[in-house]
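Below: the structure, in structure tokens.
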Amino acid sequence: MSDYLWVRPANLTLPDPDENSVEFWEGLKQGKLLLQVCGVCTQTNYPPMVMCSGCAGFDFEWREAEGGGVLYSYVVTHQPIHPSLVDYTPFLTALIELDEGPRVTSNIINIAPERAKIGMRVKLELFQVNSEITLPLFVHE
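Taking my numbering, I'd label the letters of the sequence shown as residues 13 to 153.
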């Protein structure tokens, strides 16, 4: 692990769970990355949605993901995109392909952005922001 560590900037807007994603956010609070799986076609949907993107079904169950994956794509942000990020650039925003299939957008928090490599292994690292929100971040294995 390098000296590069992610710290949530003060005043950064936090997620606001809705009726489709509340189970996902509750799972994170309990230390689990839950994925929405269609009961009709078994497609894993991310982000959580009202209707399955594979078969247009409405019957879902939630399954725990292992939390491992690979860096599929990324962007290094050098200019702050929000006033609260002025002192936190550059940072790495990553598209992680989970071992279970879906791709999630997150951050890889334990490496300097210039060390990121497509295909590198990452694993889930939960970051509790407050009693209501836990963020799914990733670390390089």
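C-beta atoms are modelled at their ideal positions from N, C-alpha and C, and glycine is treated no differently.
Buried/exposed call for residue 123, threshold 16 Cβ in 10 Å: Counting the other CB atoms within 10 Å of its CB gives residue 123 a total of 16 or more, which places it among the buried residues.
Assigned exposure category for residue 68 - 16 Cβ within 10 Å defines buried: With fewer than 16 other Cβ atoms from the protein chains shown falling within 10 Å of its own Cβ, residue 68 counts as exposed.
Three-pair Cβ contact test at 8 angstroms for the stretch 89–101 versus the stretch 112–121: Contact between the stretch 89–101 and the stretch 112–121 is not established, with fewer than three Cβ pairs separated by less than 8 angstroms.
For the beta strand (DSSP E) containing residue 70, list its first residue and its last residue. Annotation: residue 70 is outside any beta strand (DSSP E) and is labelled neither H nor E by DSSP.
Let's test the definition: count the other Cβ atoms within 10 Å of the Cβ of residue 24 and tell me whether it reaches 16, buried, or not, exposed. exposed
Consult DSSP for residue 24 and reduce its assignment to one of helix, strand or coil. Of the three classes helix, strand and coil, the one that applies to residue 24 here is coil, per DSSP.
Indicate whether residue 75 and residue 34 have their beta-carbon atoms separated by less than 8 angstroms. No; because the gap between Cβ atoms is not below 8 angstroms, this pair is not in contact.
Within the same chain, show all residues whose beta-carbon is closer than 7 angstroms to that of residue 72, passing over the 5 residues directly before and after it, in chain order. 48, 49, 50, 51
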